[in-house]
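Undergrad:
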């Protein structure tokens, strides 16, 4: 697990790239290419079927080529209309209306256009077009109508698919924006909580030093001030980072306990069970352990006159890190006001940092107060 700094909560899984949106000009190019291939294939087929009586290749190619621009114009126009008027695809009834209207606006005029091309290509006049329409073979009408239905269906399908892709893209953009705003809000909340920890720590440390001054232990107080400056240097640096190594946090806790030992002397007894070498590559939020240890001290030392008995155990497991902190409590001691603040802040910070994956529990049992913390094994880029 890498303990390098990363922006909190910016999960890459939530930032998926939107679906590709196909530009209209590419759709037109694909349509032109398809019609070009169809023209060549139809020309070759007509020549093969006609045998020796087939007209010259170029003449036939020109004749067939001239018959396709209306189809291309119909497909592009229909696509543009369906794209700009999405309600025309909203119901089967609307689709049927567009289909019937296409008969009137395209299919019938196109039959007249194709018959006129036949008349002109055979050296006849346009006056023969009405009679040619009546005499046109039925299978040609059938083929043209099947082709008309196919062009309509394909164009409708492309417009429907493109519209769905565009809606999905907009929805993903909206979700991405909402997620970004949510992450920014949570980052601000996290920064506010972390900002509260720094003056809280400083206030308690200065309070400990003031106790030394009042007891006229000025030499010890000066030593405490020097150690406090080292602690503040860490807190200022850590407050600008989203993640630190657990080894750094544990080192900070040891320095903090060293400062407190100047005030409490031999009464302060804390047992730490952790392999600091394994904690070098384990990441955690900054200033995570110190508030919990501070609460344990206050809940222990400030409720009796004897020695403290605080235990801190850290274990690196396959899927995460387990931290266990416990201290003795008296059934008759008054509730410690700092305890709720430290735990509530820790719970909120862990929820924001780990998106609810981290777990923390606190309970009193067998005369001791136990705080159990589990951090998942995640990467911090």
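Numbering (our numbering), first residue to last: 59 to 439.
For each residue, glycine too, the CB sits at the ideal point set by N, CA and C.
In this text, all values refer to a predicted model and were calculated from it rather than measured experimentally.
So, do the region 173 to 186 and the region 133 to 141 have three or more beta carbon pairs nearer to each other than 8 angstroms?
TA: No: fewer than three Cβ pairs fall under 8 angstroms.
Undergrad: Taking buried to mean at least 16 other C-beta atoms within 10 Å of its own C-beta, is residue 65 buried or exposed?
TA: For this step, residue 65 is matched to residue 7 along the chain shown. Because residue 65 sits at a pLDDT of 37, beneath the cut-off of 50, its placement in the model cannot be relied upon, and the following sentence gives the value as read from the coordinates. When all chains shown are included, residue 65 counts as exposed.
Undergrad: Run through the DSSP bridge pairs and tell me what residue 427 is partnered with.
TA: Here residue 427 refers to the residue found at position 369 when the chain shown is read from its first residue. Beta-bridge pairing links residue 427 to 385 and 422.
Undergrad: Spatial neighbours of residue 396 within its chain, please: CB distance less than 6 angstroms, with the 5 preceding and 5 following residues excluded, ordered by chain position.
TA: As a working mapping, residue 396 is identified with position 338 in the chain shown. Note that residue 396 has pLDDT 43, beneath the 50 cutoff, so the model's placement of it is unreliable and the number below is only indicative. Contacts found: 353 and 356.
Undergrad: If we call anything under 9 angstroms between Cβ atoms a contact, is residue 203 one with residue 171?
TA: Here residue 203 is taken as the residue at index 145 of the chain shown, counted from 1. Here residue 171 is taken as the residue at index 113 of the chain shown, counted from 1. No.
Undergrad: Count the CB pairs spanning the region 331 to 339 and the region 288 to 300 that are closer than 8 angstroms, and state whether there are at least three.
TA: Touching, no, given that fewer than three Cβ pairs across the two stretches are closer than 8 angstroms.
Undergrad: Using a Cβ-Cβ cut-off of 6 angstroms (strictly less than) and excluding sequence neighbours within five positions of residue 328, which residues of its own chain qualify?
TA: Locating residue 328 in the chain shown gives position 270, counting from the first residue. Only 315 and 368 meet the Cβ criterion.
Undergrad: DSSP has residue 329 in a bridge; who is on the other side?
TA: Start at 1 with the first residue of the chain shown, and residue 329 comes out as number 271. Looking at the DSSP assignment, residue 329 forms a beta bridge with 369.
Undergrad: Since I believe residue 168 is in contact with residue 127 (beta carbons under 8 angstroms), could you give me their beta-carbon distance rounded to a whole number of angstroms?
TA: Within the chain shown, residue 127 is the residue found at index 69, counting from 1. Within the chain shown, residue 168 is the residue found at index 110, counting from 1. The pair is not a contact, with the Cβ atoms about 10 angstroms apart (cut-off 8 angstroms).
Undergrad: May I ask you to report which of helix, strand or coil DSSP gives residue 433?
TA: By 1-based counting over the chain shown, the position of residue 433 is 375. Three-state DSSP puts residue 433 in a strand.
Undergrad: How many angstroms separate the CA atom of residue 225 from the CA atom of residue 150?
TA: Stepping through the chain shown from its first residue, residue 225 is reached at position 167. Stepping through the chain shown from its first residue, residue 150 is reached at position 92. Approximately 20 angstroms, taken between the alpha carbons.
Undergrad: Ignore the nearest five residues each way along the sequence and tell me which others in residue 283's own chain have a CB closer than 7 angstroms to its CB.
TA: Position 225 of the chain shown, counting from 1, holds the residue named residue 283. Closer than 7 angstroms at the Cβ level, and outside the excluded window around residue 283, lie 267.
Undergrad: Using a 10 Å radius around the Cβ and a threshold of 16 neighbouring Cβ atoms, would you call residue 154 buried or exposed?
TA: Position 96 of the chain shown, counting from 1, holds the residue named residue 154. Label assigned to residue 154: exposed.
Undergrad: Are residue 289 and residue 310 close, meaning C-beta to C-beta below 9 angstroms?
TA: As a position in the chain shown, residue 289 is number 231, starting the count at 1. As a position in the chain shown, residue 310 is number 252, starting the count at 1. The answer is yes: Cβ separation under 9 angstroms.
Undergrad: From 365, 433, 421 and 424, pick the residue whose C-alpha is nearest to that of residue 372; which is it?
TA: Taking the first residue of the chain shown as position 1, residue 372 is located at position 314. Comparing Cα positions, the closest option is 433.
Undergrad: Mark residue 88 as exposed unless 16 or more other C-beta atoms lie within 10 angstroms of its C-beta, in which case mark it buried.
TA: Counted from its first residue, the chain shown places residue 88 at position 30. Exposed, by the Cβ-count rule.
Undergrad: Can residue 221 be considered in contact with the ligand FAD, in the sense that its beta carbon sits closer than 8 angstroms to one or more heavy atoms?
TA: Here there are no bound small molecules, and the ligand FAD is not part of this structure.
Undergrad: If you drop the 5 nearest sequence neighbours on each side, which residues of the same chain put their C-beta closer than 7 angstroms to that of residue 422?
TA: In the chain shown, the residue the question calls residue 422 occupies position 364. Hits under 7 angstroms: 387.
Undergrad: Give the secondary structure of residue 302 by DSSP, where H, G and I count as helix, E and B as strand, and everything else as coil.
TA: Here residue 302 refers to the residue found at position 244 when the chain shown is read from its first residue. The answer is strand: DSSP assigns residue 302 an E or B state.
Undergrad: Cutting at 6 angstroms between CB atoms, please list the residues of its own chain near residue 333, excluding the five before and the five after it.
TA: Counting from one through the chain shown, the residue named residue 333 turns up at place 275. Cβ neighbours of residue 333 beyond the five flanking positions: none.
Undergrad: Going by C-alpha distance, which of 197, 229 and 174 is nearest residue 190?
TA: As a working mapping, residue 190 is identified with position 132 in the chain shown. The residue with the shortest Cα to Cα distance from residue 190 is 174.
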